[in-house]
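Novice: So the sequence shown is residues 1 to 180, counted in full-length UniProt numbering. For every residue, glycine included, the Cβ atom is placed at its ideal position computed from N, Cα and C.
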Amino acid sequence: MRSKAAYGPIAISLHWLVALLIFAAFALGLYMTGIPGLTPTKLKLFSWHKWMGVTIFALALVRVLWRGAKGAPAPAAGTPAWQVKAAAGAHHLLYLLILVVPLTGYFYSSAAGVPVVFLGLWHMPALIEPNDALKAALKPAHEWLNYLMAAIVVVHAAAAVKHQFVNRDGTLARMLPFLK
Numbered sequence: 001m002r003s004k005a006a007y008g009p010i011a012i013s014l015h016w017l018v019a020l021l022i023f024a025a026f027a028l029g030l031y032m033t034g035i036p037g038l039t040p041t042k043l044k045l046f047s048w049h050k051w052m053g054v055t056i057f058a059l060a061l062v063r064v065l066w067r068g069a070k071g072a073p074a075p076a077a078g079t080p081a082w083q084v085k086a087a088a089g090a091h092h093l094l095y096l097l098i099l100v101v102p103l104t105g106y107f108y109s110s111a112a113g114v115p116v117v118f119l120g121l122w123h124m125p126a127l128i129e130p131n132d133a134l135k136a137a138l139k140p141a142h143e144w145l146n147y148l149m150a151a152i153v154v155v156h157a158a159a160a161v162k163h164q165f166v167n168r169d170g171t172l173a174r175m176l177p178f179l180k
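#1: Count the other CB atoms within 10 Å of the CB of Ala5; is the residue buried (16 or more) or exposed (fewer)?
#2: Where do the ends of the alpha helix (DSSP H) carrying Arg63 lie?
#3: Classify Val166 as helix, strand or coil using the three-state DSSP reduction.
#4: Would you call the segment 123–136 and the segment 68–82 in contact, with 3 or more CB pairs under 8 angstroms?
#5: Under 8 angstroms, with one C-beta from each stretch per pair, do the segment 170–179 and the segment 32–44 reach the 3-pair mark?
#6: Could you check what DSSP says for Val117 in three-state terms: helix, strand or coil?
#7: Who pairs with His123 in a beta bridge, going by DSSP?
#8: Can you tell me which of Gly105, Ala60, Ile22, Phe178 puts its alpha carbon nearest to the alpha carbon of Glu143?
#9: Alpha carbon to alpha carbon, how far is Leu179 from Val161?
#10: Could you tell me the alpha carbon to alpha carbon distance between Ala19 and Ser47, rounded to whole angstroms?
#11: Considering only C-alpha positions, which residue in the set Leu30, Ile98, Pro36, His91 is nearest to Leu17?
#12: Leaving out five residues before and five after Tyr108 in sequence, what residues of the same chain have Cβ atoms less than 6 angstroms from its Cβ?
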């Protein structure tokens, strides 16, 4: 399904909501891991970070299903085939990371024996038993997958800006309608 010229309001809303939550969770993750010791503030920030991760995962599932059902606009006319393929690959990798990064954090918490209590109200199921070896592997995996996602987001944003303001093909305006 690639017949429309722009994304619809639901796709746009999901895109920017997930993006803002990812930026916030990333910044919070960097900040909280730099706090020395185990303080009440650090524990509170870890809880908020986990809440954001659960929310990102849920919204990402909705986003993937919506994209699967509604499709995406066709690439701008005249876009070289290699750029179309690169963009498709980057989008697929971003969708994968938007799902996998929260899962690695969730599994890390479970492997560490630390429950995830969404919004302080709902105990999320521990999908794996506490496991020190898995905990040791999941922590760096969660961190590096976040850095990989951040790098791809930077390239994604730079490409969108380049297409909008250098190529003037309206690519960014499809996700930011006020630019039309």
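Specialist: A quick look at the data gives this:
#1: For this step, residue 5 is matched to residue 5 along the sequence shown. With fewer than 16 Cβ atoms within 10 Å of its Cβ, Ala5 is classed as exposed.
#2: As a working mapping, residue 63 is identified with position 63 in the sequence shown. Note, Arg63: alpha helix (DSSP H), 40–70.
#3: Taking the first residue of the sequence shown as position 1, residue 166 is located at position 166. Reduced to three states, the DSSP call for Val166 is coil.
#4: no
#5: no
#6: Residue numbering aside, residue 117 sits at position 117 when the sequence shown is read from its first letter. Looking at Val117 - three-state DSSP - the assignment turns out to be strand.
#7: Here residue 123 is taken as the residue at index 123 of the sequence shown, counted from 1. In the DSSP output, where bridge partners are listed per residue, His123 has Val117.
#8: Sequence index remark: in the sequence shown, residue 143 carries index 143 (1-based). Closest by alpha carbon: Gly105.
#9: Along the sequence shown, read from residue 1 onward, the residue named residue 179 stands at position 179. Along the sequence shown, read from residue 1 onward, the residue named residue 161 stands at position 161. In a straight line, the C-alpha of Leu179 is about 11 angstroms away from that of Val161.
#10: For this step, residue 19 is matched to residue 19 along the sequence shown. For this step, residue 47 is matched to residue 47 along the sequence shown. For Ala19 and Ser47, the distance between alpha carbons rounds to 20 angstroms.
#11: Walking along the sequence shown from the start, residue 17 turns up at place 17. Nearest of Leu30, Ile98, Pro36, His91 to Leu17, Cα basis: Ile98.
#12: For the purposes of this step, residue 108 is taken as the residue at position 108 of the sequence shown. Around Tyr108: Leu138, Lys139, His142.
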